[in-house]
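As numbered in UniProt numbering, residues 1 to 62 make up the sequence shown, in order.
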Amino acid sequence: DTRHKTVQGVVTKFCSDYGWIDESIYYFSTDVTENILPVKAGQKVTAVVEEDKTSHGLKAIK
Numbered sequence: 001d002t003r004h005k006t007v008q009g010v011v012t013k014f015c016s017d018y019g020w021i022d023e024s025i026y027y028f029s030t031d032v033t034e035n036i037l038p039v040k041a042g043q044k045v046t047a048v049v050e051e052d053k054t055s056h057g058l059k060a061i062k
């Protein structure tokens, strides 16, 4: 059972295919940026996150 939650944060790192929100939530550009390109470091965002079962870290999925 995957649990999702919505969080607000700031993009702290953005590369061409991945990035970090608040230095603790990672995302892949193909998963989250379809409607908000271009994303820039320092930009405030709202994301839907889930726990990554392998790393137990948070991953943004939308």
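Note that the Cβ used here is the ideal one computed from N, Cα and C, for glycine as well.
*Can you give the Cα-Cα distance for residue 15 and residue 55, rounded to whole angstroms?*
When rounded, the distance between both Cα atoms is 20 Å.
*asked:* Do residue 10 and residue 47 count as a contact pair if the criterion is CB distance below 7 Å?
replied: In this structure, residue 47 keeps its C-beta atom at 7 Å or more from the C-beta atom of residue 10.
_Can you find the residues in the same chain that come closer than 8 Å, C-beta to C-beta, to residue 23, ignoring five residues on each side of it along the sequence?_
Around residue 23: 12, 13.
_Please report the straight-line C-alpha distance between residue 60 and residue 45, rounded to a whole angstrom._
Within the model, the alpha-carbon separation for residue 60 versus residue 45 is close to 11 Å.
*Who does residue 60 pair with in a DSSP beta bridge?*
Looking at the DSSP output, residue 60 sits in a beta bridge with 49.
*Nearest-angstrom Cα distance between residue 26 and residue 3?*
Cα to Cα, the separation comes out at about 16 Å.
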